[in-house]
Amino acid sequence: MTRRGGWRVCSVPGCAEFTKAGRCEDHRRAAEQRRGTARQRGYGRQHEQRFRPAVLARDPRCVCIEEGHGHGSPCGRPSVHADHWPLSRRELVERGEDPDDPKHGRGLCGPCHSRSTAGEQPGGWHRDGG
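Numbering (my numbering), first residue to last: -16 to 113.
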């Protein structure tokens, strides 16, 4: 990866634009349009009023087990994201399960949620074509 004074080349293969992180603005905008809004992805009123509050109340501290946090100990930072786990929202819907049932979630801090999304979701930061 080519860097210049904190700038780096866009992570999309073949793009020579410089950016501060990840994709250039054009590729970031295109990826967001493909992704759709939260509502278009199924995160509606039930998610906001039922899933998220219940998951964060149950898991006020990040439950993500990360290397470097000791021998299998949870991260422990304050949870700010209600993450669908171990199945994604899409997988739960495909199986006919209620994706807004809090039993399908876990509380994560921002860095752990970003790391999880990058590694597990389609189009995650480390994957091609995202």
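All residues carry an ideal CB built from backbone N, CA and C; glycine is no exception.
Taking 3 residues as the shortest admissible run, the segment 67 to 111 contains the following complete beta strand (DSSP E) segments, listed from N- to C-terminal end: 88 to 91. Looking at the DSSP output, V(-8) bridges to F1. Collapsing the DSSP output to three states places R17 in a helix. Our two residues, S56 and H96, have alpha carbons roughly 16 Å apart in a direct line.
A straight-line Cα-Cα distance of about 16 Å links G(-3) and A4.
For R35, the uninterrupted alpha helix (DSSP H) run begins and ends at R35 to R41, by DSSP. Across the set F34, A(-1), E8 and I48, the C-alpha of F34 shows the shortest separation from the C-alpha of H64. In the structure shown, R44 falls within a strand segment according to DSSP collapsed to helix, strand and coil. Straight-line spacing of the CA atoms in I48 and L91 works out to 10 Å. The beta carbon of L39 is closer than 6 Å to those of S62, A65 and G90 in its chain, skipping five residues each way along the sequence. Around the Cβ of D42, a 10 Å sphere holds 16 or more other Cβ atoms; the residue is buried.
Within the same chain, Cβ atoms closer than 7 Å to the Cβ of A(-1) are found at V(-8), the five residues on either side in sequence being excluded.
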